[in-house]
Amino acid sequence: MPDLSLFAVTALGLEPFTAQELRQLSLAGVTGTVGGVEFRGAACDVYRANLHLRTASRILVRVGEFYAAAFSELRKKASRLPWENFIAPDRPVALKVTCHKSRLYHSDAVAERVAGAIGDRLGQEVKRANADDDNATQLIVVRLVRDQCAISIDSSGALLHQRGYRLATAKAPLRETLAAGMILASGWDAASPLLDPFCGSGTIPIEAALLANNIPPGGARRFAFMDWPNFDAALWESLTNDDARHTDPFPPIIASDRDAGAIEAAQANADRADVADCIEFTRRAVSAIEPPPGPGWIVTNPPYGVRVSENKDLRNLYAQFGNVVRAKCPGWRIAMLTGDPQLTRSVGLDFDEGIP
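In my numbering, the protein residues as written are -19 to 336.
Written out as structure tokens, the structure is:
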């Protein structure tokens, strides 16, 4: 497969960290934009991006781009694209269409013509499916802006935050991609201690352990590209066997929570991620945390109203957290996710606002 135009979809705010990850993979043409990062590469790089990226939601491959102001033109030009490289004859397809300032503005009609074009190219009618069914279908993304049509195919399948380890959940679990983004945003050096005193189902400490262990986040799951006709299974196996675990002294990672059920869920998830031996789990209220010798990092997602405590006043909890940090964690760096600025002020510490 020749050089491909690729796009890593991200949550808003995580684009700089996805770009950083892509550059660490030595990928070309890395350019951040709103909601994702553009880059270029070969089929091998599609595999590598899905395997290694910790902060991206999915990887799209551009199949083609052309002008289309009429439905007949759309179908004709879309039928010239190399669909046989991506879609097996029996694979159902789902189309996600957006139209903006284009003469072709009816998204369902656009989807119908593109599906017809794929059938024209493959020599048989393609099965249509719901775009929400990540695992059973091949997602195709069509975007029309000012009569310019860009068609991309999803190489990921289920969203990339679905690593495969978080089967046990506590209240309001944090997405793995956002947890990884918090860790990268914090500047953690993967050598100093890391503490999460509100660990919930363990996503932040597990993502930290995966990062420090050099374990690719996508090594234990399937991807849409595995169903492409030109999938290179031998290449994929070589990529997944290429990474060795961290062998240097491992940094202390401490996960605590006052909820026994949360600790149980976190331990089960860490077992599935194969990092349970890298994390110290303790059931403790925030007032009783015992950080290891530091300084280190506190990366945490404390409860806030829209998540788990709609009718509770959490200001005392946040104030208590701030008191403990000042008393027990001098010199430590803190990254905290919260949706309530008033609660953040209750901590009594100076924070930079937002992801840098």
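From the three backbone atoms N, C-alpha and C, an ideal C-beta is built for every residue, glycine too.
Checklist entry - Going by C-alpha distance, which of 73, 235, 8 is nearest residue 204? => result Of the candidates 73, 235, 8, the residue whose Cα lies closest to the Cα of residue 204 is 73.
Whose C-beta lies closer than 7 Å to the C-beta of residue 38 among residues of the same chain, with five residues either side of it excluded? Apart from the 5 residues on each side of it in sequence, residue 38 sits with its Cβ closer than 7 Å to the Cβ of -11, 134, 136, 139, 140 in its chain, given in chain order.
Going by DSSP, which residues form a beta bridge with residue 98?
Bridge partners of residue 98: none, in fact.
Task: Beta-carbon gap between residue 262 and residue 184 smaller than 8 Å - done: No; because the gap between Cβ atoms is not below 8 Å, this pair is not in contact.
ask   = In the structure shown, what three-state DSSP assignment does residue 278 receive?
value = Look at residue 278 here: in three-state DSSP terms it is strand.
Practice item. Give a yes or no on whether the C-beta atoms belonging to residue 229 and residue 272 are separated by under 8 Å. Key: For residue 229 and residue 272, no; Cβs fall outside 8 Å.
Quick one: is residue -2 buried, meaning 16 or more other Cβ sit within 10 Å of its Cβ, or exposed?
Residue -2 sits buried, since 16 or more C-beta atoms from the chains shown fall within 10 Å of its C-beta.
Going along the chain, which residues of its own chain have a beta-carbon closer than 7 Å to the beta-carbon of residue 117, five neighbours each way excluded?
-> Cβ neighbours of residue 117 beyond the five flanking positions: 72, 73, 74, 109.
Delimiting residues of the alpha helix (DSSP H) encompassing residue 53 | Per DSSP, the continuous alpha helix (DSSP H) segment holding residue 53 begins and ends at 51 to 58.
Would you mind stating whether residue 327 and residue 307 have Cβ atoms separated by less than 8 Å?
Note that the C-beta distance between residue 327 and residue 307 is not below 8 Å.
Close beta carbons around residue 322, own chain, < 8 Å, minus the five adjacent residues each side
Only 295 meet the Cβ criterion.
Got a sec? Which residues, its chain only, sit under 7 Å from residue 393 by beta carbon, not counting five neighbours each side?
Past the edges of the chain, shown from -19 to 336, lies residue 393, and the structure says nothing about it.
(message) Just to confirm before moving on: does the CB-CB distance between residue 199 and residue 237 stay below 8 Å?
(response) It is not a contact, given that the beta carbons lie outside the stated cut-off.
Taking the straight line between their C-alpha atoms, what separation do you get for residue 26 and residue 194? Cα to Cα, residue 26 sits roughly 19 Å from residue 194.
8 Å Cβ cutoff met for residue 52 and residue 100
Not a contact, by the Cβ cut-off of 8 Å.
* Could you pull the start and end residues of the alpha helix (DSSP H) that residue 308 belongs to? => Following the DSSP letters along the chain, one finds residue 308 inside the alpha helix (DSSP H) bounded by residues 295 to 308.
* To do: Using a threshold of 8 Å, state whether the C-beta atoms of residue 330 and residue 284 are closer than that.
  => Contact flag unset, no.
Could you please give the first and the last residue of the uninterrupted alpha helix (DSSP H) stretch that includes residue 164? Residue 164: member of the alpha helix (DSSP H) spanning 156 to 166, first to last residue.
Excluding five sequence neighbours on each side, which residues of the same chain lie with their C-beta closer than 7 Å to the C-beta of residue 148? If we look at residue 148 and ignore the five residues flanking it on each side, its Cβ neighbours are 181, 245, 248, 249.
Compute the beta-carbon to beta-carbon distance between residue 82 and residue 127, rounded to the nearest angstrom, for a pair I have assumed lies under 8 Å.
About 5 Å; that satisfies the 8 Å criterion.
On the CB-based measure, 16 or more other CB atoms within 10 Å of its CB, does residue 310 come out buried or exposed? With fewer than 16 Cβ atoms within 10 Å of its Cβ, residue 310 is classed as exposed.
If we require 3 or more residues per run, which beta strand (DSSP E) segments fall completely within the segment 109 to 147? Those beta strand (DSSP E) runs which fall completely within the segment 109 to 147 and span 3+ residues are 118 to 125, 128 to 134.
- Message: When you compare the CB positions of residue 84 and residue 54, do they come within less than 8 Å of one another, or not?
- Response: Yes; because the gap between Cβ atoms is below 8 Å, this pair is in contact.
* If we ignore side chains and look at the alpha-carbon of each, how far apart do residue 293 and residue 264 end up? -> If you take the alpha carbons of residue 293 and residue 264, they lie about 20 Å apart.
Integer Cβ distance of residue 215 from residue 24, believed to fall under 8 Å = Yes, residue 215 and residue 24 are in contact; Cβ-Cβ is about 6 Å, under 8 Å.
Task: For residue 16, the first and last residue of its enclosing beta strand (DSSP E) - done: Looking at the DSSP string, the run of the beta strand (DSSP E) that includes residue 16 is 16 to 21.
Give, in chain order, every unbroken run of the beta strand (DSSP E) that is at least 3 residues long and sits entirely within the segment 203 to 257.
Runs found: 233 to 237.
Item checked: Whole-Å CB distance - residue 305 paired with residue 278, under 8 Å assumed -> Going by Cβ atoms, the distance from residue 305 to residue 278 rounds to 7 Å, so yes, they are a contact pair.
- Message: What does DSSP give as the partner residue(s) for residue 106 in the beta ladder?
- Response: None, per the DSSP bridge assignment.
Local conformation of residue 79 per DSSP, three classes
In this structure, DSSP gives residue 79 an extended state, which the three-state scheme calls strand.
Between residue 241 and residue 152, what straight-line distance do the alpha-carbon atoms span, to the nearest angstrom?
Rounded to whole angstroms, residue 241 to residue 152 spans 13 Å at the Cα level.
Give the secondary structure of residue 318 by DSSP, where H, G and I count as helix, E and B as strand, and everything else as coil.
Note: residue 318 maps to coil in three-state DSSP.
Discussion item. Are the CB atoms of residue 266 and residue 173 within a distance shorter than 8 Å?
Written reply: No.
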